[in-house]
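Heads up, the sequence shown is in the UniProt record's numbering, so the first residue is 1 and it goes up one at a time. Don't be surprised by glycine CBs; every beta carbon is placed ideally from N, CA and C. Since the model is a prediction, treat every value here as computed from it, not as a measurement. Note sheet for the following structure.
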Amino acid sequence: MLPPPAKKAQDVTAHETEEVLVTSERRTESPQNIGSSLSVISGKALQTRNVNNVFDLQYLTPSLQVTPQFGSGQPAFAIRGVGFNDYASNNAPTVGVYVDEVANPVPFATNGMMFDISRVEVLRGPQGTLYGRNTTGGAINYILNKPTSTFHAGGDVQYGRFDSAKIDGYISGPITDKLRYRLSGETEQGGNWQHNSAGLGLGRVNRGAARLLLDYQATDTLKFEFNLHGSRDRSDANGLHLYSPMAAYNKLNPTAPVYAVSSDRYQTNWGTSPEFAKQLGINPNTKPFSHVDVGGMSFRAEKTLPFATVTDLISYDNMQRQEYMNFDAWPATLADVSFKTRANVLANELRFTSPNKQRLTWVAGIYYAHQYMNDRYQSGFADLYGFDRDLRYSQFVNTISGFGQATYHITSKLRLTGGVRIEHEQRKLANMGSFQVINGAITNPGNVLHGESTDFTLPSGKFEVQYNPVKNDMLYVSFTRGIKSGGFTTYNSNAVGVSAAPFKPESLLAYEVGNKFSLPEQHLRLNVAGFYYDYSNQQIQSASLNPQTGLVGSIVNAPRSHMYGGEIEAEWHPLSGLTLSQSAGFAVGAFDKFSSLAGAHIVNGTYVGDYRNRKGEQLPFPQFTVNGSVSYNWSLGDYALTTGMNYSLRSTYHSLFGGNYNVPGYTLWGADLAFGPKSGKWSVSAFGKNIFNKKYDVERNYFVDGANVALAGMPATWGVRLGVNY
């Protein structure tokens with residue numbers, strides 16, 4: 001017998017544990033019936049906690065880290081410590097990001113506005129037998145609110161600290177008895193929370209987005225869905241601050257003063273040379289900025305046949321960014337950078353899904369994607385080395401794969417699941433050149449790598465056993481192999497022939513055991529999972545050796561490493577109106593076989609590498625991630641008052657670059673309050689984030705020797721919100 005359907009959210013009382021239906025396995029079901037570790041964040045929770053961007057998701061789910069690369073708008077995702085740190089955008093991430101099943105493989109375009117969302121599904125562990133792209137870390141699925149068969153409209157107006165404001169709204173309903181629509185949008189403005197030594201503000205947000213969804217039910221067995229979306233971001237970039245005195249400037253001018261560390265971690269500085277500003281087409285005093293435009297569409301056709309549902313999903317997205325940032329946190333031209341990137345992705349997935357109510361259920365499909373990127377990456381080093389650098393390249397990616405997964409119900413309590421994926425991918429790097437620029441003139445026109453390519457054909461797969469010993473209790477054991485594409489390092493190097501040599505795909509063997517348990521009468525849900533990862537050819541940000549110049553930054557492969565850990569998630573409603581939620585993640589890992597370049601010395605006029613054996617060294621991620629919340633709903637006749645508190649803890653992040661770059665752990669506290677009629681037609685709410693004003697960093701790094709910079713986390717913020725729904 002198959003598991004019963006879950007209760008709908010509107011049928012759940014204030015004293016019950018809400019059961020949300022998910023589609024992470026390409027069919028609608030309860031997450032308690034899925035044999036893998038995942039978290040589901042509702043759209044209501046996103047609004048209550050004022051989650052405006054992807055970086056805040058990590059404070060609502062265990063074992064997830066999201067950090068901005070050098071303060072840019074480009075997120076770096078890691079799940080259970082499996083991540084990929086790369087400030088370039090041409091390589092595939094370890095964590096797949098999807099919006100209504102459409103993959104977004106371009107990192108800088110994954111920090112879109114989060115509005116009109118039904119839920120977010122965070123899957124931990126390798127993915128591949130069901131999803132469009134192969135990943136080793138996991139997947140984040142955004143599920144949008146869909147068009148409605150009756151007319152609905154609503155919106156929110158929000159004002160907060162630092163003169164920040166946000167407005168969002170939607171309108172949804174039928175056009176005909178078969179055609180429905182949903183139009184939604186959001187704009188966010190204001191918000192300077194950093195400043196320079198002269199008192200000028202930084203951190204202004206200026207972005208907006210809109211989305212149109214159309215659903216057409218042609219017949220009882222044929223449905224079409226259309227998604228047209230676009231966004232425009234003209235926000236400031238985040239500023240970095242020095243956390244140790246800067247010595248890099250002394251390399252060029254030993255008599256120059258050392259830049260001191262400010263006691264104010266929200267103080268940053270910016271500015272560049274007139275010559276570098278001229279190359280970028282900006283003013284020398286221009287604030288750091290992150291401008292990103294994204295536009296695209298998707299078309300989905302779904303036909304129900306007697307033996308399966310056939311789904312064809314076609315998508316196209318065009319993305320552009322222009323970013324200017326100061327990686328030295330000072331007005332001097334030591335490490336000023338600019339990215340100008342154009343990218344587009346065309347993808348098509350054809351999938352067959354069997355009916356649910358049968359002993360053997362299965363999913364099978366074919367996925368194809370073509371990706372193009374043109375990038376220009378400029379670095380201002382004039383005050384440090386006496387020159388600037390200008391890198392240009394184009395990249396083409398073609399991937400095609402076949403995948404399938406089947407579940408066989410041996411008995412009403414025992415199920416076996418198996419899946420496989422075969423993927424072929426080809427990446428081509430074209431017309432890559434890194435040029436040295438002095439006073440606007442290129443001084444090394446020969447440093448051009450006309451082309452480089454890499455391709456692979458690799459399998460991934462999954463085997464899983466699920467067992468229900470008693471009602472509302474499910475045990476599972478799984479073995480999964482995940483793959484992440486290889487690629488190219490596209491840093492501004494003086495030896496692109498060395499740094500751009502392709503690095504290998506990485507693979508991960510994941511062993512997981514878990515238990516999903518609930519006591520409906522006691523209003524308790526408890527999920528636990530444990531894992532062990534065997535990592536091969538892990539992709540690491542490190543260095544390669546150029547015999548003529550020494551070390552050059554590059555992505556390299558660590559042959560062997562391992563990780564282990566687990567998660568626990570609990571939700572309990574001990575009293576009517578009271579909700580207690582708690583989650584925790586634990587992970588440790590180390591290199592088993594890896595020697596990295598630690599330096600170089602000259603022998604007979606040629607640089608020779610000095611290698612460091614890193615066997616046994618800890619992998620770079622926090623060991624503990626803990627999140628919790630408590631809320632109480634007060635019934636006041638026809639009205640309700642909800643109060644809540646939440647916290648999130650991160651232990652120390654251990655950097656590969658040494659203890660000086662470790663990010664100390666921190667704990668953040670938040671609070672929320674909401675009042676309105678039980679009908680939900682309007683509400684007034686307030687929220688606070690980091691309410692005890694914890695001073696902390698979210699990243700520490702360096703771009704040039706001696707310039708140790710960090711990105712500060714935001715100080716205490718608050719806001720009030722008025723919402724209406726019809």
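Reduced DSSP secondary structure (H/G/I, E/B, other) of Pro-147
For the purposes of this step, residue 147 is taken as the residue at position 147 of the sequence shown. Reduced to three states, the DSSP call for Pro-147 is coil.
Spatial neighbours of Pro-274 in its chain, beta-carbon cut-off 7 Å, leaving aside the 5 residues before and after
Translated into the one-based positions of the sequence shown, residue 274 becomes position 274. Answer for Pro-274: Pro-284, listed in chain order.
Rounded to whole angstroms, what is the Cα-Cα separation between Ser-631 and Leu-578?
The residue labelled residue 631 in the question sits at position 631 within the sequence shown. The residue labelled residue 578 in the question sits at position 578 within the sequence shown. Each residue's Cα considered, the two are about 6 Å apart.
Shortest alpha-carbon distance to Asp-672 belongs to which of Lys-462, Val-684, Arg-481?
Locating residue 672 in the sequence shown gives position 672, counting from the first residue. Out of Lys-462, Val-684, Arg-481, Val-684 has the C-alpha closest to the C-alpha of Asp-672.
Please state the DSSP three-state secondary structure of Ser-683.
In the sequence shown, residue 683 corresponds to position 683, counting from 1. Strand at Ser-683.
Using only CA atoms, which one of Glu-425, Lys-413, Glu-464, Lys-428 lies nearest to Gly-419?
Position 419 of the sequence shown, counting from 1, holds the residue named residue 419. For Gly-419, the nearest C-alpha among the options comes from Glu-464.
For the beta strand (DSSP E) that Gln-436 lies in, which residues bound it at each end?
Within the sequence shown, residue 436 is the residue found at index 436, counting from 1. Residues 414-438.
Segment limits, beta strand (DSSP E) that includes Tyr-532:
The residue given as residue 532 occupies position 532 in the sequence shown. Where Tyr-532 is concerned, the enclosing beta strand (DSSP E) stretches over 524-546.
Kindly list the residues whose CB is nearer than 6 Å to the CB of Asp-328, restricted to its own chain and excluding five residues on each side of it in sequence; keep chain order.
As a first step, residue 328 must be located in the sequence shown, where it is residue number 328. These residues qualify, in order along the chain: Leu-334, Ala-335, Ala-707.
Does the Cβ-Cβ distance between Arg-321 and Phe-108 come in under 8 Å?
Position 321 of the sequence shown, counted from the first residue, corresponds to residue 321. Position 108 of the sequence shown, counted from the first residue, corresponds to residue 108. Yes.
Which residue's Cα is closest to the Cα of Pro-68: Gly-81, Arg-80, Asn-53?
Taking the sequence shown and counting its residues from 1, the one referred to as residue 68 is at position 68. With distances taken between Cα atoms, Pro-68 lies closest to Asn-53.
With 16 other Cβ atoms within 10 Å as the buried cut-off, status of Gly-451:
Counting from 1 along the sequence shown, the entry for residue 451 is found at position 451. It counts as exposed.
Going by beta carbon distance, what residues of the same chain come within less than 8 Å of Pro-574, once the five residues before and after it are set aside?
Working through the sequence shown from its first residue, we reach residue 574 at position 574. His-523, Leu-580, listed in sequence order.
Have a look at Arg-612, Ser-172, Gly-670, Lys-166 and flag the residue whose alpha-carbon is nearest the alpha-carbon of Gly-154.
Within the sequence shown, the letter at position 154 stands for residue 154. When each option's Cα is compared against that of Gly-154, the closest is Ser-172.
Val-470: first and last residue of the uninterrupted beta strand (DSSP E) it sits in
Residue mapping note: residue 470 aligns to position 470 of the sequence shown, counting from 1. Taken as a continuous stretch (DSSP letters only), Val-470 belongs to no beta strand (DSSP E), as it is neither H nor E.
Between Gly-271 and the ligand HEM, is there a pair consisting of the residue's CB and a ligand heavy atom that are separated by less than 7 Å?
Judged by which ligands are present, the structure shown has none, so any question about the ligand HEM falls away.
May I ask you to report which of helix, strand or coil DSSP gives Arg-161?
Position 161 of the sequence shown holds residue 161. Looking at Arg-161 - three-state DSSP - the assignment turns out to be helix.
Less than 8 Å between the C-beta atoms of Gly-296 and Ser-315, yes or no?
Within the sequence shown, numbered from 1, the residue matching residue 296 stands at position 296. Within the sequence shown, numbered from 1, the residue matching residue 315 stands at position 315. Cβ atoms of Gly-296 and Ser-315: closer than 8 Å.
Following the continuous alpha helix (DSSP H) through Pro-274, name the residue where it begins and the one where it ends.
The residue you call residue 274 lines up with position 274 of the sequence shown. From DSSP, the alpha helix (DSSP H) with Pro-274 extends over 274-280.
Pro-498 in three-state terms, based on DSSP:
Position 498 of the sequence shown holds residue 498. A quick correction: the sequence has Val, not Pro, at residue 498. Val-498 falls in the helix class under three-state DSSP.
Here's a check: name, in chain order, each residue in its chain whose Cβ is nearer than 7 Å to the Cβ of Ala-260, leaving out the five neighbours to either side.
Stepping through the sequence shown from its first residue, residue 260 is reached at position 260. Here the set comprises Pro-245.
Beta-carbon spacing of Val-95, Ile-117 below 8 Å:
On the sequence shown, position 95 is the one that residue 95 refers to. On the sequence shown, position 117 is the one that residue 117 refers to. No, the Cβ-Cβ distance between Val-95 and Ile-117 is not below 8 Å.
Quick one: what's got a C-beta closer than 8 Å to Pro-505's C-beta in the same chain, skipping five residues either side?
Position 505 of the sequence shown, counting from 1, holds the residue named residue 505. Here the set comprises Phe-456, Leu-458, Ile-483, Lys-484, Ser-485, Gly-486, Asn-537.
I believe Glu-323 touches Phe-289 by the beta-carbon criterion, under 8 Å. Please report the beta-carbon distance rounded to the nearest angstrom.
In the sequence shown, the residue the question calls residue 323 occupies position 323. In the sequence shown, the residue the question calls residue 289 occupies position 289. Sure, about 7 Å apart at Cβ, within 8 Å.
Verify whether the separation of the beta carbon atoms of Tyr-243 and Leu-213 is less than 8 Å.
Taking the sequence shown and counting its residues from 1, the one referred to as residue 243 is at position 243. Taking the sequence shown and counting its residues from 1, the one referred to as residue 213 is at position 213. Contact: no.
So Leu-313 is in the beta strand (DSSP E); what residue range does that whole segment cover?
Here the question's residue 313 lines up with position 313 in the sequence shown. 309-326 is the span of the beta strand (DSSP E), which, as asked, contains Leu-313.
Helix or strand or just coil, what does DSSP make of Asn-660?
Translated into positions along the sequence shown, residue 660 becomes position 660. Asn-660 falls in the helix class under three-state DSSP.
Residues in its own chain within less than 6 Å of Tyr-726 by CB, not counting five upstream and five downstream?
Here the question's residue 726 lines up with position 726 in the sequence shown. The answer, listed in chain order, is Ala-153.
Pair every Cβ in the stretch 687-705 with every Cβ in the stretch 131-138, then say whether three or more of these pairs are closer than 8 Å.
no
Under 7 Å Cβ to Cβ from Ala-710, same chain only, skipping five residues before and after it: list those, please.
Position 710 of the sequence shown, counted from the start, is the residue given in the question as residue 710. Contacts found: Leu-240, His-241, Tyr-243, Asp-697, Glu-699, Arg-700.
Quick check: the stretch 514-522 against the stretch 111-126, are there 3 or more CB pairs under 8 Å?
no
Under the rule that 16 or more other beta-carbon atoms within 10 Å means buried, what is Val-720, buried or exposed?
Your numbering for residue 720 matches position 720 in the sequence shown. The residue is exposed, with fewer than 16 neighbouring Cβ atoms inside 10 Å.
For Ala-598, tell me which candidate among Gly-553, Asp-610, Ser-37, Val-663 has the shortest Cα-Cα distance.
As a first step, residue 598 must be located in the sequence shown, where it is residue number 598. The shortest CA-to-CA distance from Ala-598 to any of Gly-553, Asp-610, Ser-37, Val-663 is the one to Asp-610.
Which value, in whole angstroms, describes the spacing of the CA atoms of Gln-466 and Asn-627?
Taking the sequence shown and counting its residues from 1, the one referred to as residue 466 is at position 466. Taking the sequence shown and counting its residues from 1, the one referred to as residue 627 is at position 627. For Gln-466 and Asn-627, the distance between alpha carbons rounds to 28 Å.
If you reduce the DSSP assignment to three classes, tell me which class Tyr-632 lands in.
Looking up residue 632 in the sequence shown gives position 632. Strand.
Rounded C-alpha distance that separates Ala-570 from Ser-89
If you number the sequence shown from 1, residue 570 lands on position 570. If you number the sequence shown from 1, residue 89 lands on position 89. Rounded to whole angstroms, Ala-570 to Ser-89 spans 37 Å at the Cα level.
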